[in-house]
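Every letter in the sequence shown is one number past the one before it in numbering that gives the first Met the number 0, and letter 137, counting from 1, is 136. Just so it is clear, CB atoms sit at the ideal spot from N, CA and C, and this is done for glycine as well. Please read these numbers as outputs of a predicted model, since none were measured by experiment. The next block holds one structure in the form of structure tokens; read it before the comments.
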Amino acid sequence: MGEYPKEGEHVKTEYGPATISHIRKKEVYVILESGPLQGQKIPLPISSISTLITPEDVSKKVIRFDKPQKIPMRTKDLMNTKIHKQKCIDSLRFGLVPNEYIEQLTFGFEDLEKWMLSTFPDSNQSRNQVVHQIVGRFGEGKSHTMSVIRHLAMREGYLVARVEVDGNRVSLSNPQSFLYSLLNALSGKNLKPVMPLLNLYLKAIYKGSSAPTVVPHGVNKNDRIEIMYNLIQRLESYGYIEHLDYLLDLVLTCSDEMTATEVKADIVEATKDRIHPWSIRLYPMIGKTVVDRPRDFVECIVGTAIVATLAGYKGLIVTIDEFEVESALLAPKDKIRAKDTLNLLSKYLVGSTEYPNSSLGIYFATVPEEVSELKELIDILVDGSDGKTYTIQAFEEWNSNSSEQVSVAKRIHEIYKESYSCNHYSDLDIVSRLDSEIDKMDLYDSGGIRSFMKQYIGLLDSLYGPPFGTDI
0 MGEYPKEGEH VKTEYGPATI SHIRKKEVYV ILESGPLQGQ KIPLPISSIS
50 TLITPEDVSK KVIRFDKPQK IPMRTKDLMN TKIHKQKCID SLRFGLVPNE
100 YIEQLTFGFE DLEKWMLSTF PDSNQSRNQV VHQIVGRFGE GKSHTMSVIR
150 HLAMREGYLV ARVEVDGNRV SLSNPQSFLY SLLNALSGKN LKPVMPLLNL
200 YLKAIYKGSS APTVVPHGVN KNDRIEIMYN LIQRLESYGY IEHLDYLLDL
250 VLTCSDEMTA TEVKADIVEA TKDRIHPWSI RLYPMIGKTV VDRPRDFVEC
300 IVGTAIVATL AGYKGLIVTI DEFEVESALL APKDKIRAKD TLNLLSKYLV
350 GSTEYPNSSL GIYFATVPEE VSELKELIDI LVDGSDGKTY TIQAFEEWNS
400 NSSEQVSVAK RIHEIYKESY SCNHYSDLDI VSRLDSEIDK MDLYDSGGIR
450 SFMKQYIGLL DSLYGPPFGT DI
């Protein structure tokens, strides 16, 4: 931008015209003025905002967006369908399956679905927190299986969250960064994608639910979940949420953009005319004292699961991927911290802590050959919570005698044809080509199933020509 943006100014964004609500360091929070996200407040990098729009330009822009050229519904649906299918094929080029195609393009989906549905926590049980693990070799679909878990959990009415650990920035040895990644990835039916955790608290509040108690009264420790819930409820009753939501979200999600002290000062200043400053209580979700961080971590996870049930969800499902990286890359000191966190989580799962029960399911993705202290702790978590282990069967080779493999191959071929409007080959032709041209020796260049998907799309490209060539 030519000049530094100011609050209240109208700007152009990749989502359309918007008004700047708040500015924080290198980010701005804008309220979108049109399109499918109209009225929502989202954070954007300052660098992504183009030149300022004059009021006259804004008026023209809004009119253009509010009154788009009419497109016949059938044509519009056809365009959307084609775009989605092209995105599906592009994902398959990398061995990935988009969420909307999970049920169609997952080998063994029915068996996998049956197993997974049997592992979800039942909120009606007395002790209902459980850990499971997904075991598989590299490239055999652990991450895809985690996607299936989240897909089914959302379908069944659970709140879901995902995180990929990297043994560095995102690690169980650093609860704050781990939770920041996890809590910003919350998803659920009718949950807003922007500031989802704050939206979850508000859903529970609007249902009339009282603040949950995570830390029993009498314990010499602040109950951060209860305190934050009460603060959000109070600010909402005074009509301050719309103006302070981004501040509350920073604390809830363990962001390091501002300290809790700075956030509290801003809230006090904004509400001093109606709320006494001494009544504003707010603490960081993860404290500064290293020895207390495992407790803070477990309280955040348990508290989020409880708030999820108060908001109308069946519970919280968490998937933790790439755990073998955690075991391999953590420094000795950090491994001790990660072990402390897992040990306390283990005690909670077996009912040996003062924390309340919650509807909580945690899924770790691991590799079969991994031998480490952290992996042993995952095994203990699974056994102690009566969890289960799902082992992904390696994809050894293409087999045209497998009705399931042929069925998935036909579905992919159909999606490909509809994506690029081509129809030169029959399904029988494609199966025959797969029999003769898939090189079994290359299957483990990047894992069996992933390599097969990539090679199969490559085969279709070679038969039909470049996706955007003149023949298509």
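Check your understanding: CB-CB under 8 Å to His-423, same chain, minus the five flanking residues each way: which ones, in chain order?
Key -> The sequence position of residue 423 within the sequence shown is 424, counting from 1. Only Leu-462, Tyr-463 meet the Cβ criterion.
Exercise for review: May I ask you to check if the CB of Asp-295 is nearer than 7 Å to at least one heavy atom of the ligand MN?
Suggested key: Within the structure as shown, the ligand MN is missing, as the structure has no ligands at all.
Exercise for review: Could you check the C-alpha separation between Glu-261 and Ile-133 for me, to the nearest Å?
Suggested key: Within the sequence shown, the letter at position 262 stands for residue 261. Within the sequence shown, the letter at position 134 stands for residue 133. Computed Cα separation, rounded: 41 Å.
Review point. Going by beta carbon distance, what residues of the same chain come within less than 6 Å of Gly-140, once the five residues before and after it are set aside?
Key: Taking the first residue of the sequence shown as 1, we reach residue 140 at position 141. The residues are Ile-391, Ile-448.
Exercise for review: Taking only runs that begin and end inside the stretch 1–33, name each unbroken beta strand (DSSP E) of 3 or more residues, in chain order.
Suggested key: Whole beta strand (DSSP E) segments, 3+ residues: 9–12, 15–23, 26–31.
Check your understanding: Under the rule that 16 or more other beta-carbon atoms within 10 Å means buried, what is Ile-82, buried or exposed?
Key -> Along the sequence shown, one-based indexing puts residue 82 at 83. With fewer than 16 other Cβ atoms within 10 Å, it is exposed.
Practice item. Please name the residue in Glu-323, Gly-314, Asp-165 whose C-alpha comes closest to that of Phe-119. Key: On the sequence shown, residue 119 is found 120 positions in, with the first residue counted as 1. Among Glu-323, Gly-314, Asp-165, the Cα nearest to that of Phe-119 is on Gly-314.
Review point. Since Tyr-362 sits in a beta bridge, which residues does DSSP pair it with?
Key: As a position in the sequence shown, residue 362 is number 363, starting the count at 1. DSSP output for Tyr-362 lists His-131, Thr-318 as bridge partner(s).
Point to revise | Cβ neighbour criterion (16 or more within 10 Å) applied to Thr-365 | key: Here residue 365 is taken as the residue at index 366 of the sequence shown, counted from 1. The Cβ neighbour count for Thr-365, taken over all protein chains shown within 10 Å, is at least 16; the residue is labelled buried.
Exercise for review: Answer yes or no: do Leu-158 and Tyr-312 have a C-beta to C-beta separation smaller than 8 Å?
Suggested key: As a first step, residue 158 must be located in the sequence shown, where it is residue number 159. As a first step, residue 312 must be located in the sequence shown, where it is residue number 313. Yes, the Cβ-Cβ distance between Leu-158 and Tyr-312 is below 8 Å.
Review point. Measuring CB to CB, does Arg-410 end up less than 8 Å from Gln-103?
Key: As a working note, residue 410 is residue 411 in the sequence shown. As a working note, residue 103 is residue 104 in the sequence shown. Arg-410 is a Cβ neighbour of Gln-103, given a cutoff of 8 Å.
Point to revise | Which listed residue (Thr-308, Val-214, Phe-137) has its alpha carbon closest to that of Gly-207 | key: By one-based count along the sequence shown, residue 207 stands at place 208. Checking every option, the nearest Cα to that of Gly-207 belongs to Thr-308.
Check your understanding: Given a threshold of 16 other Cβ atoms within 10 Å of its Cβ, counted over all protein chains shown, does Ser-254 qualify as buried or as exposed?
Key -> On the sequence shown, position 255 is the one that residue 254 refers to. Classification for Ser-254: buried.
Exercise for review: Return the bridge partner residues of Thr-388 from the DSSP annotation.
Suggested key: Mapped onto the sequence shown, residue 388 falls at position 389. BP columns for Thr-388 point to Gln-132.
Point to revise | Which of helix, strand or coil DSSP assigns to Arg-161 | key: Taking the sequence shown and counting its residues from 1, one reaches residue 161 at position 162. It is a strand residue.
Review point. Where are the beta strand (DSSP E) runs, 3 residues long or more, that stay fully inside the stretch 395–433, in chain order?
Key: none
**Study point:** Under 8 Å between C-beta atoms of Phe-363 and Ile-319
**Key:** The sequence position of residue 363 within the sequence shown is 364, counting from 1. The sequence position of residue 319 within the sequence shown is 320, counting from 1. Against a cut-off of 8 Å, the Cβ pair of Ile-319 and Phe-363 comes out as a contact.
Review point. For Ile-48, which three-state DSSP category applies?
Key: Taking the sequence shown and counting its residues from 1, one reaches residue 48 at position 49. Three-state DSSP puts Ile-48 in coil, outside helix and strand.
Check your understanding: Shortest alpha-carbon distance to Leu-249 belongs to which of Thr-270, Asn-221, Leu-182, Asp-110?
Key -> Counted from its first residue, the sequence shown places residue 249 at position 250. Of the candidates Thr-270, Asn-221, Leu-182, Asp-110, the one whose C-alpha sits nearest the C-alpha of Leu-249 is Leu-182.
Check your understanding: Beta-carbon separation of Glu-357 and Asn-98 under 8 Å?
Key -> Stepping through the sequence shown from its first residue, residue 357 is reached at position 358. Stepping through the sequence shown from its first residue, residue 98 is reached at position 99. Before going further, note that residue 357 is Ser rather than Glu in the sequence given. For Ser-357 and Asn-98, no; Cβs fall outside 8 Å.
Review point. Is Val-381 closer than 8 Å to His-131 when the C-beta atoms are compared?
Key: Looking up residue 131 in the sequence shown gives position 132. Looking up residue 381 in the sequence shown gives position 382. Contact: yes.
Practice item. Run the CB neighbour count on Ser-278, radius 10 Å, all protein chains shown included, and call it buried at 16 or more, exposed below. Key: Here residue 278 refers to the residue found at position 279 of the sequence shown. With fewer than 16 other Cβ atoms within 10 Å, it is exposed.
Practice item. Use the C-beta contact count for Tyr-179: other C-beta atoms within 10 angstroms, 16 or more gives buried, fewer gives exposed. Key: The residue given as residue 179 occupies position 180 in the sequence shown. Burial call: buried.
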